[in-house]
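Going down the list, the sequences are from chains Z and P.
The working numbering numbers the first residue of the first sequence as 15 and each following residue consecutively.
The working numbering numbers the first residue of the second sequence as 52 and each following residue consecutively.
Written below as structure tokens is the structure these notes are about.
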Amino acid sequence: MKITFPHMGNAHIAIKALLAGLKLEVIPPPPITKRTMELGIKHSPEFACLPLKISVGSFIEALEQGADTVLMAGGWGPCRFGYYAQVERDILKDLGYSFRMVVLEAPDFKLSELLNQIKDLSQKVTTLEAVQATRFAWFKLNAVDRLEFCLAKMLPRVINKEEVLAIYRQALQEIDQVTTRPQVNQVTNKSTAEMEQLQQHDQPLLRLGLVGEIYTILEPACNYDIAEQLGRMNVEVYRSVYISDWVNDHLLGGLVKPSNRREILTSSRPYLNYFVGGHGRETVGNAVKLARQHYDGIIQIGPLTCMPEIVAQSVLGEVGEKEGIPVMTMYFDEHAGATGIQTRLEAFVDMLQRRKKSNQVWEQGEQLNAHVPGC
Amino acid sequence: MRMYLGVDIGSVSSNFVLLDDRGRMKAKIYLRTQGNPIQAVKQGFSAINKELDEVGGEIAGVGATGSGRLLAGVLLGADIIKNEITAHGVAASWLYPDVRTIIEIGGQDSKIILLKNGIVNDFAMNTVCAAGTGSFLDQQAARLNIPIEEYGERAITSRQSVRIAGRCGVFAESDMIHKQQMGYPVEDILMGLCDALARNYLNNVGKGKKIEEPVVFQGGVAANLGLKRAFEHLLGLPVHIPEHHEVMGAIGAALLARETMEYSPSPSQFKGNAFVMDGEITSSSQECRGCPNLCEVVCIRRDGVPLAFWGDRCKKWESTLTKNRPIRSVI
Numbered sequence: 015m016k017i018t019f020p021h022m023g024n025a026h027i028a029i030k031a032l033l034a035g036l037k038l039e040v041i042p043p044p045p046i047t048k049r050t051m052e053l054g055i056k057h058s059p060e061f062a063c064l065p066l067k068i069s070v071g072s073f074i075e076a077l078e079q080g081a082d083t084v085l086m087a088g089g090w091g092p093c094r095f096g097y098y099a100q101v102e103r104d105i106l107k108d109l110g111y112s113f114r115m116v117v118l119e120a121p122d123f124k125l126s127e128l129l130n131q132i133k134d135l136s137q138k139v140t141t142l143e144a145v146q147a148t149r150f151a152w153f154k155l156n157a158v159d160r161l162e163f164c165l166a167k168m169l170p171r172v173i174n175k176e177e178v179l180a181i182y183r184q185a186l187q188e189i190d191q192v193t194t195r196p197q198v199n200q201v202t203n204k205s206t207a208e209m210e211q212l213q214q215h216d217q218p219l220l221r222l223g224l225v226g227e228i229y230t231i232l233e234p235a236c237n238y239d240i241a242e243q244l245g246r247m248n249v250e251v252y253r254s255v256y257i258s259d260w261v262n263d264h265l266l267g268g269l270v271k272p273s274n275r276r277e278i279l280t281s282s283r284p285y286l287n288y289f290v291g292g293h294g295r296e297t298v299g300n301a302v303k304l305a306r307q308h309y310d311g312i313i314q315i316g317p318l319t320c321m322p323e324i325v326a327q328s329v330l331g332e333v334g335e336k337e338g339i340p341v342m343t344m345y346f347d348e349h350a351g352a353t354g355i356q357t358r359l360e361a362f363v364d365m366l367q368r369r370k371k372s373n374q375v376w377e378q379g380e381q382l383n384a385h386v387p388g389c
Numbered sequence: 052m053r054m055y056l057g058v059d060i061g062s063v064s065s066n067f068v069l070l071d072d073r074g075r076m077k078a079k080i081y082l083r084t085q086g087n088p089i090q091a092v093k094q095g096f097s098a099i100n101k102e103l104d105e106v107g108g109e110i111a112g113v114g115a116t117g118s119g120r121l122l123a124g125v126l127l128g129a130d131i132i133k134n135e136i137t138a139h140g141v142a143a144s145w146l147y148p149d150v151r152t153i154i155e156i157g158g159q160d161s162k163i164i165l166l167k168n169g170i171v172n173d174f175a176m177n178t179v180c181a182a183g184t185g186s187f188l189d190q191q192a193a194r195l196n197i198p199i200e201e202y203g204e205r206a207i208t209s210r211q212s213v214r215i216a217g218r219c220g221v222f223a224e225s226d227m228i229h230k231q232q233m234g235y236p237v238e239d240i241l242m243g244l245c246d247a248l249a250r251n252y253l254n255n256v257g258k259g260k261k262i263e264e265p266v267v268f269q270g271g272v273a274a275n276l277g278l279k280r281a282f283e284h285l286l287g288l289p290v291h292i293p294e295h296h297e298v299m300g301a302i303g304a305a306l307l308a309r310e311t312m313e314y315s316p317s318p319s320q321f322k323g324n325a326f327v328m329d330g331e332i333t334s335s336s337q338e339c340r341g342c343p344n345l346c347e348v349v350c351i352r353r354d355g356v357p358l359a360f361w362g363d364r365c366k367k368w369e370s371t372l373t374k375n376r377p378i379r380s381v382i
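What follows is the structure, encoded as structure tokens:
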């Protein structure tokens, strides 16, 4: 059995580790390129969202390389994602590929349900080995998150952006290759230390929150790499979701590490009180949370035609006004022009900078007034 | 006298203005880009140079904006390269310090900019569709055999505008043809199109935005009196059109250049007349094979020497040129 899976940011590193630990032959999906996109767009319904198109493209490329089993995540609720595994299977079958599709569903009550699903994938391993593989994959996942977090922090701060990106890319490759926990730790520690030692500038930074649909946030190919683009403009980007959060909440049922999901959902009140599917409510909750932490602005991103994000967008206007934070929404699909995206990002960042400057002048003025001795 | 040059290279027009150090306009040039931005920069610059000789003074700073801002910035040696939104916002709040809403309709894009205390507070651009921008009006005027300059004057003679479906440019055209064949007068159709475009703008670009007084309407399309009337009618608010509405982006760029250079210790990066006017400027593009992204990298050369690279996502090419040269601002 040769197994493959969809791309989602850097998740492939952990998934590969998991499947290898289950003693399966893994064919990781090739990097998302123009060809991946073209294949996906050609064979997917036009009004489906970009995540579906990208994964269809990835699956085709992996099947071409000889994969015969496809691993996909399931889901539930009003978001179409829960249906994508089925749609993808039908599209690929119609194209004449023969393969088996395995859909991982989130456990309802206990972790062992998921573990049984994982163990069912491979008949060659004992339960203990399956547990070990899962735990090692989880370990790698957290290491990758640490690197991403470090990059988001250092990219706007360092002078030479290429250097920090090179260290980051190198570290990802190394984590992908190593096979023991101490090695993973060593790579992560070494790389984060290297990133932190690079020469930094002392210009003021803007802090910006990135909220929205998870796949668009996690997969740079899906968002035209806006986190990197913003980092190059000296903007510190706080991402509302990291891959380990998603795995924890959606595949592991929030059973592995403490989840801040409840807190986020609470802060979405009173703007949005109901589950609207996907991450609509999380988007609103995160926006409120970031506004209260005095971030300079929020960018909401999602794939075009994403219903949960459209609902969230209609609420975010009010959030921005009442919490006093500028919000911009960007939708992405295969037709999005890079120039238009660049212009809007630049304009938004510029607006935040000018706003901040004028607020500071104003605050200083107020302080000066306060210190003027009375007559 | 210290003069500031503002350049706005758009999809349809290329605009150049000269402001003196008190922000007064000394010269303006409005050209059609005609798909050749390099030529437009050369032509516009030589025209503005003649004007500069007449009024006297020297260029103390250059600002570039518009979709061709990077190109113009490289050819002229801009001190500041800014996006169109900031440039338009700066220009409008310079002329109308209390402006709250800017409606800007250009050749291929339309924007709404909301300001508070003279600072951009919110904005939106058209994203998926360009129905209702200058190019479409141009095309329709040509089809009806009316010079675009006379479009607005003809439209406002209408007493009863015809309702035209304005969501899609192509369907708007079929609807117009249909209405012509039904025998409606041309004026009414022209005004009907203005109404449809204004409605489309407010529904798409101005969606969910609070439009407050004073409203300023700028960009090339603001010359069209029919659209001004349509906006006033739909908004129920007076709409102001600045005297130099078609070059507001360039005015903004010049004002930004002045802001940058006024207290700057270093001299302007302006490369001088000879750099732009002499020397052959060529552009070429190539697919970079460095990684699976396969970016299309564009290179601008002057007499064979690379001036700029862009289009590379990893900035591999771009950084080969800028290694030792600090860029003051690229935002």
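Beta carbons are placed, not taken as given, at the ideal position from N, Cα and C, and that holds for glycine.
Close Cβ partners of residue i (< 6 Å) along its chain, the five nearest in sequence each way excluded
i: residue 371/P; result: none
i: residue 332/P; result: 89 and 353
i: residue 270/Z; result: 262
i: residue 187/P; result: 220
i: residue 16/Z; result: 39, 41, 80, 81 and 82
i: residue 220/Z; result: 249, 310 and 366
i: residue 205/Z; result: 181 and 185
i: residue 119/P; result: 60 and 88
i: residue 386/Z; result: Caution is warranted here: a pLDDT of 39 is assigned to residue 386/Z, below 50, making its placement in the model unreliable, and the coordinate value is therefore given only provisionally. Correct list: empty, nothing qualifies.
i: residue 379/Z; result: Below a pLDDT of 50, predicted positions are generally treated as unreliable, and residue 379/Z, at 47, falls in that range; the measurement from the model is reported next regardless. No residues qualify anywhere along the chain.
i: residue 25/Z; result: 257
For residue i, the first and last residue of its enclosing alpha helix (DSSP H)
i: residue 182/Z; result: 175-191
i: residue 152/Z; result: 141-168
i: residue 199/Z; result: 195-211
i: residue 31/Z; result: 25-35
Residues near residue i in its chain [Cβ-Cβ closer than 8 Å; skip 5 each side]
i: residue 389/Z; result: The pLDDT assigned to residue 389/Z is 39, lower than 50, so where the model puts this residue is not dependable, and the model offers no usable value.
i: residue 32/Z; result: 132, 147, 148, 150 and 151
i: residue 356/Z; result: 243
i: residue 279/P; result: 203, 268, 273, 290 and 292
i: residue 335/P; result: 349, 350 and 352
CA nearest to the CA of residue i, picked from the options
i: residue 58/P; options: 74/P, 127/P, 218/P and 335/P; result: 127/P
i: residue 73/Z; options: 44/Z, 341/Z and 161/Z; result: 44/Z
i: residue 291/Z; options: 89/Z, 126/Z, 347/Z and 308/Z; result: 89/Z
i: residue 147/P; options: 273/P, 113/P, 72/P and 268/P; result: 268/P
i: residue 141/Z; options: 37/Z, 299/Z and 19/Z; result: 37/Z
i: residue 346/Z; options: 127/Z, 314/Z, 93/Z and 115/Z; result: 314/Z
i: residue 21/Z; options: 193/Z, 293/Z, 359/Z and 86/Z; result: 86/Z
i: residue 125/P; options: 342/P, 364/P, 321/P and 366/P; result: 321/P
i: residue 224/P; options: 212/P, 195/P and 211/P; result: 195/P
i: residue 27/Z; options: 360/Z, 188/Z, 227/Z and 341/Z; result: 188/Z
i: residue 253/P; options: 236/P, 191/P and 152/P; result: 152/P
i: residue 97/P; options: 324/P, 368/P and 347/P; result: 324/P
Delimiting residues of the beta strand (DSSP E) encompassing residue i
i: residue 71/P; result: 64-71
i: residue 223/Z; result: 220-226
i: residue 59/P; result: 53-60
i: residue 111/P; result: 109-116
i: residue 361/P; result: 356-361
i: residue 101/P; result: No beta strand (DSSP E) contains residue 101/P, which is instead part of the alpha helix (DSSP H) from 88-106.
i: residue 166/P; result: 161-167
Presumed contact (8 Å Cβ cut-off) between residue i and residue j, rounded CB distance
i: residue 68/Z; j: residue 83/Z; result: 20 Å between Cβ atoms; not a contact.
i: residue 195/Z; j: residue 153/Z; result: 6 Å
i: residue 251/P; j: residue 217/P; result: 4 Å
i: residue 266/P; j: residue 290/P; result: 5 Å
i: residue 225/Z; j: residue 301/Z; result: 5 Å
i: residue 245/Z; j: residue 170/Z; result: 5 Å
Chain Z residues whose Cβ lies nearer than 9 Å to that of residue i
i: residue 345/P; result: 47, 48 and 49
i: residue 259/P; result: 327, 328 and 331
Under 8 Å by beta carbon: chain P residues contacting residue i
i: residue 239/Z; result: 364
i: residue 369/Z; result: 170, 171 and 172
i: residue 340/Z; result: 172 and 173
Under 7 Å from the C-beta of residue i: neighbouring residues of chain Z
i: residue 134/P; result: 357, 360, 361 and 364
Amino acids of chain P, ordered along the chain, whose beta-carbon sits closer than 7 Å to that of residue i
i: residue 75/Z; result: Ordered by position in chain P, no residue passes the 7 Å Cβ test against residue 75/Z, which lies about 11 Å from the chain.
Per-residue contacts from residue i into chain P (C-beta, under 9 Å)
i: residue 176/Z; result: 365, 366, 367 and 370
Nonlocal neighbours in the same chain, by C-beta distance under 7 Å from residue i, ignoring five residues either side
i: residue 265/Z; result: 87, 118, 120 and 128
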